[in-house]
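In our numbering, the protein residues as written are 3 to 174.
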């Protein structure tokens, strides 16, 4: 729009840092079934193709789709079930520091114990939505909880989904 000014949407800013710092990162896969519940955390180096390696363990064995979210430095896992399909749901939130392999530590608790939840977020806030709060799975929930990733503490009520759902997928 004239000399000395430009619209920022019309140009690209290349990534900062040197070549060693670009396109790096770890992906974490937490919990699940083997077919019984698992507390294993695996990691992969995102910039390379390879096999998942042992990162450490969650504080409790879980299955039933606990939700995960992360910042660039901290990974968070919440919810899941604590055993067989008819077992109790978990309200536990664990965290790890992504750069160092180690066992998870207790972050706090979800507002409602549930499994089949989805997690997503950004560098500041992590969200856990939906799931089922009863072991039979007949009653999905519309709960959305949030945590501030850089701190520790219990989740806070964020609001509600438009429709109660379980075993949903998410991204951010």
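We put the beta carbon where it would ideally sit given N, CA and C, even for glycine.
Going by C-alpha positions, residue 57 is about 7 angstroms away from residue 105. Residue 119 sits away from residue 110, with the two beta carbons spaced by 8 angstroms or more. Per DSSP, the unbroken beta strand (DSSP E) holding residue 111 starts and ends at 107-111. Measuring C-alpha to C-alpha distances from residue 61 to each of 51, 84, 46 identifies 84 as the nearest.
Rounded to whole angstroms, the separation of the alpha carbons of residue 167 and residue 77 is 24 angstroms. Distance from residue 33 to residue 82 at the Cβ level is roughly 6 angstroms; contact confirmed, criterion being Cβ atoms closer than 8 angstroms. Take the alpha-carbon of residue 117 and the one of residue 156: they are about 17 angstroms apart. Comparing alpha carbon positions, the residue from 90, 89, 63 closest to residue 79 is 63.
The beta carbon of residue 145 is closer than 6 angstroms to those of 114 in its chain, skipping five residues each way along the sequence.
By the neighbour-count criterion, in which a residue is buried when 16 or more other Cβ atoms sit within 10 angstroms of its Cβ, residue 143 is buried. Boundaries of the beta strand (DSSP E) harbouring residue 97: 94-99, taken from the DSSP string.
Residue state for residue 148 is assigned as strand, using DSSP reduced to three classes.
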